[in-house]
Structure formats: structure tokens, C-alpha cells
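*Asks:* Quick one: this structure, given as C-alpha cells, is what I'll be asking you about.
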Amino acid sequence: MAGGLTPIRRVVTGNDARGHSKVIWDGPAPDTHWASMGAGRGHTNLWVWNESPAPLAGNHDDGNLPYDFCGPPLGGHLRVVQALPQAPSFDPAKDPDAVPFHAPKPRPRSQRTWDRGGINAYSSAMHKTETVDYGIMLAGERGLVLDDCELTMTPGDVVVQVGAWHQWVMPKGAIMAFDMIGARFVDGLAGLAQGHDVPLRSTPKLPAGVKPVRRIVTIDREPGKSSLVSDGPAPDVRTDPARPGYACARLWVTDGTPAKIVFESLHLPHTLEPPARGSVCRVVTFPPDAGWLGKVGAPQVQAFFQAMGSPGASTYSPLAPHPYMQKTRTLDFCIVLEGEITLVLDTQEVSLKAGEIVIQRGTNHAWSNRSARAAVVAVMSHDGKS
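Written out as C-alpha cells, the structure reads:
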């Protein structure tokens with residue numbers, strides 16, 4: 001990454017004139033910004049939406065829309081942030097870009113963002129945005145600093161930042177994706193937790209070979225102080241008896257945009273589709289197709305989508321290219337975290353590996369694992385409109 005950012009492969013899907021799913025763009029995401037967050041740190045924009053439900057049609061590359069750190073207040077954006085490892089000779093006392101901690105104040109040239117200083121070449125400022133963020137670790141290591149604790153995040157960990165103050169420390173270098181959704185602070189800058197929902201904490205039994213997904217949730221309980229709500233295995237996991245080794249972990253749901261600042265959201269109905277104008281964050285483990293292919297037909301597929309709360313999502317046909325073809329009116333951000341997997345569309349297939357990202361715009365598709373080991377994909381789905 002010296003002198004620039006590691007390219008992020010981005011596959012964007014759409015529909016042809018017959019309504020059949022296809023690839024619209026496939027290649028390195030073009031909207032890159034080296035050193036945009038300080039020396040040795042930069043970001044790549046993947047997609048921006050300015051309204052909810054999010055638009056699904058059109059030939060414009062919405063990864064190149066105007067960008068603000070916090071994102072649109074009635075929509076959101078997906079970006080990948082990269083940081084170089086700390087140089088052995090780095091001396092914080094001699095960092096010309098370092099800013100000491102200070103009282104909260106609005107960040108210049110960025111809306112709905114507040115800053116308390118603390119930035120240097122390998123640390124972000126302590127900051128707060130009027131957003132709910134799904135942060136997914138892709139590579140390296142990041143320290144998450146809250147006012148009441150510090151945590152270390154490694155690849156595959158997911159943090160749900162519910163409008164909380166936080167700081168990132170990145171001495172070892174890291175790549176992390178952020179799906180940032182416009183939120184609403186009912187109490188102004190304080191942005192405190194609303195309601196009294198009890199965080200769901202359970203350790204579901206997972207199929208053999210499936211690793212638990214670490215879910216971290218942060219929020220502000222009192223003005224100017226962030227706190228840890230929960231840190232543990234994702235508590236809401238669904239499986240598929242017809243596909244041994246399949247697991248779908250649901251991590252968070254927003255039931256509108258702007259999103260609410262709440263302690264928990266998994267009490268909302270379990271469905272593949274998000275609520276109206278909302279979103280749902282999931283991490284899915286796909287076992288090798290060889291273990292079940294040829295043993296699954298209409299009854300098994302129907303039972304799976306029924307159990308997921310989305311019977312209408314299935315587009316099963318004995319003539320379809322994959323038994324688990326599905327279509328929802330959603331904008332989906334799909335990030336391959338582990339292994340290799342094939343995105344099956346109506347008109348073509350795309351092979352993907354860890355670190356590659358699919359922007360799926362309401363398209364008919366399935367995921368096919370033709371390798372010998374499990375593949376893991378993070379999926380953030382947003383309500384969409386044609």
C-alpha cells in the first residue's frame with residue numbers, strides 16, 4: 001500500500017432489459033482517497049445513497065457521488081478505510097499532524113460529526129457521528145477505544161457503533177469496511193441511548209465447523225461518554241438442515257432512516273429483508289456445495305426461506321442455475337470475509353475471494369461454494385426501490 005491504497009475489487013449488479021440479473025461493473029473501486037484521514041490512512045468509497053428506500057435502478061455509478069465523512073442524513077454510504085503499519089522510528093511527540101485531546105467541537109467541513117482530538121499518524125481522533133455504523137474488520141488489527149474500555153478487533157469481528165464516541169488505534173495496520181447509516185439524535189449533540197431494550201446475550205449452538213461471529217455494540221449512556229453495550233458471539237443464528245454447515249448470524253436491524261439510537265434491535269422480526277426504510281446486518285457461512293448439492297429440491301428450499309421469515313424471497317425453479325436463487329427489493333453490500341465463493345446471476349457467474357465486495361441492486365442471485373472449505377460473507381441489506 002506504499003504510496004497509495006490497496007485496490008478493492010467491487011462488483012456491481014443490475015438487470016438487463018428482460019429483467020435478468022447481470023454484472024454492470026467489475027473492477028477496482030475508482031473513488032480512492034489516499035491520506036484522506038491523515039498521513040498513512042485513506043479510504044475508498046464503494047457506494048452512496050441519499051434517500052431511503054435506496055434507488056436500485058439506473059446506470060450511474062453511485063460510488064462516485066459527493067461524499068461527506070458522516071454520509072447523507074437520510075441515506076448512508078459504504079467505504080473501506082486502510083491504514084499502514086506504524087513505522088519503527090515513529091515518535092508521537094514529533095508527529096507534526098498530532099492534535100491533543102480537547103473539548104468536543106464540530107469537525108470542520110464535515111456535517112453531523114464531532115471531535116475531541118487525539119489524532120496522530122496511527123490513531124484517529126476521538127469522534128462521534130450522527131450515524132449507526134456496521135464496521136467489519138477485513139485485515140490487520142484495530143484498537144477500538146471507548147470512554148469505558150479498550151478492545152482489539154481482528155478480521156471477521158463486527159462492531160455496531162450506535163452513535164457512540166470512539167477512537168481507532170492502528171499501530172499494526174488495518175483494512176476495515178464501514179456501512180454508515182444516517183441516524184437521529186433526539187437530544188442533540190448528546191446522542192444518548194433511547195429506551196430500555198435489554199441487549200440479547202446468548203450463545204447459540206453452531207453447526208460443526210462454523211465459527212461464532214463476534215458482535216460488539218457501543219453507545220453513549222451519558223453525555224460525552226461512550227460505553228460498551230455487549231461483546232460476544234452473535235446471539236441470533238439460523239441454520240439450514242438441508243445444508244449442513246450453513247449458518248446465518250443476524251447482528252443488527254434498523255427499522256427506519258434516520259436510524260434510532262437504541263441498546264438492541266434483534267427483538268425485531270427475523271427476515272432476510274430489512275424493515276421499511278431500514279437495514280439488517282448479517283454474516284453468513286456457506287458450506288461447500290458438494291455436501292448437499294443433488295439432495296435439495298423445492299420442499300427443502302421452501303422450508304429454508306420460511307424459517308428465515310422471507311418465503312417470498314425464493315425464486316426456486318428446477319431450471320434455475322442454483323436451488324437457492326432469491327430476489328429481494330434491497331440494496332445489498334456483500335463482503336467476502338473468508339474463503340472463495342461464486343455469485344450466481346441469471347446471465348453469468350462471478351468468482352470472488354476474501355476482501356472483494358459485491359454491490360447488489362435488487363437482483364436475482366444465489367451463492368455457490370465450489371471450494372473444499374467454508375466461505376464467510378458479511379451482508380448488509382438496505383430497503384430499496386426500483
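In my numbering, the protein residues as written are 1 to 386.
A virtual CB, placed ideally from N, CA and C, is assigned to each residue, including glycine.
#1: Within the region 108-147, note down every full beta strand (DSSP E) run reaching 3 residues or more, in order along the chain.
#2: For my contact list, M176 and G71 are in at a C-beta cut-off of 8 Å; report their separation, rounded to the angstrom.
#3: Could you spell out the range, first to last residue, of the alpha helix (DSSP H) harbouring A307?
#4: Taking 8 Å as the cut-off, does the region 70-86 touch the region 125-132 (at least 3 CB pairs, one atom from each stretch)?
#5: Using only CA atoms, which one of G19, K225 and P100 lies nearest to A125?
#6: To the nearest angstrom, how far is it from the Cα of T13 to the Cα of K205?
#7: Kindly indicate which residue of A276, R277, A259 and D255 has the alpha-carbon position closest to the one of H267.
#8: How many angstroms separate the CA atom of V80 from the CA atom of V162?
#9: What first and last residue would you give for the beta strand (DSSP E) that runs through R361?
#10: Among T271, L151 and L337, whose alpha-carbon lies nearest the alpha-carbon of G232?
#11: Am I right that G63 and D31 are in contact with their C-beta atoms under 8 Å? What's the rounded C-beta distance?
#12: Give every residue of the same chain whose Cβ lies closer than 6 Å to the Cβ of L65, excluding the five residues on either side of it in the sequence, and list them in chain order.
#13: Could you check what DSSP says for D16 in three-state terms: helix, strand or coil?
#14: Where does E264 land, buried or exposed, given buried means 16+ other C-beta within 10 angstroms?
#15: Whose C-beta lies closer than 7 Å to the C-beta of G140 among residues of the same chain, with five residues either side of it excluded?
#16: Looking at the strands, I want to know which residues DSSP matches up with P28.
#17: Looking at S331: is its Cβ nearer than 8 Å to the Cβ of A83?
#18: Helix, strand or coil for P106 per DSSP?
#19: Check whether the Cβ atoms of G278 and V262 lie closer than 8 Å to each other.
*Replies:* In short, the structure shows the following:
#1: 113-115, 127-129, 131-140 and 142-145
#2: Not really, about 16 Å apart at Cβ, beyond 8 Å.
#3: A298 to A307
#4: yes
#5: P100
#6: 35 Å
#7: D255
#8: 19 Å
#9: I357 to R361
#10: L151
#11: 5 Å
#12: V48
#13: coil
#14: buried
#15: K172, G173, A174 and I175
#16: R9
#17: A quick correction: the sequence has Leu, not Ser, at residue 331. It is not a contact, given that the beta carbons lie outside the stated cut-off.
#18: strand
#19: no
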